[in-house]
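Visitor: Structure in structure tokens, see below.
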Amino acid sequence: MMVSTDEHILRTAKEIVVKFIETGRVSPTGFNETFKSIYKAVEEAVKNSDSAVDEKEKK
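Under the working numbering, the first residue of the sequence shown is numbered 998, with each subsequent residue one higher.
What follows is the structure, encoded as structure tokens:
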């Protein structure tokens, strides 16, 4: 079974936020805002790297 890119992004963002909570860098009350920010950052990184790979394949 293949997992979608969006699911990988979601899992990665969740793991990062959980680690931040465990280390005390983020409080559970700040989860919503922090999660959105991290999710967007991971999503942009993945989608930009996919675009870069597509460009290299065209050359």
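Yeah, the Cβ is synthetic: ideal placement off N, Cα and C, and Gly gets one too.
Predicted model only: the values in this text are computed from it and were never measured.
Which same chain residues end up closer than 8 Å to threonine 1031 when comparing Cβ atoms and leaving out the 5 residues on each side of it in sequence?
Guide: Taking the first residue of the sequence shown as position 1, residue 1031 is located at position 34. Around threonine 1031: Val1014, Phe1017, Val1023.
Visitor: Identify which residue in Lys1033, Glu1040, Glu1019 has its Cα closest to the Cα of glutamate 1004.
Guide: Residue numbering aside, residue 1004 sits at position 7 when the sequence shown is read from its first letter. It is Glu1040 whose Cα lies nearest to the Cα of glutamate 1004.
Visitor: Counting C-beta neighbours from all protein chains within 10 Å, is the total for alanine 1010 16 or more, i.e. buried, or is it exposed?
Guide: Position 13 of the sequence shown, counted from the first residue, corresponds to residue 1010. Classification of alanine 1010: buried, given that the 10 Å Cβ count is 16 or more.
Visitor: Going by C-alpha distance, which of Thr1020, Leu1007, Gly1021, Ser1001 is nearest lysine 1033?
Guide: On the sequence shown, residue 1033 is found 36 positions in, with the first residue counted as 1. For lysine 1033, the nearest C-alpha among the options comes from Leu1007.
Visitor: Could you tell me the distance, in whole angstroms, from the CA atom of lysine 1037 to the CA atom of proline 1025?
Guide: Locating residue 1037 in the sequence shown gives position 40, where the first residue counts as 1. Locating residue 1025 in the sequence shown gives position 28, where the first residue counts as 1. Their backbone Cα atoms lie some 19 Å apart in a straight line.
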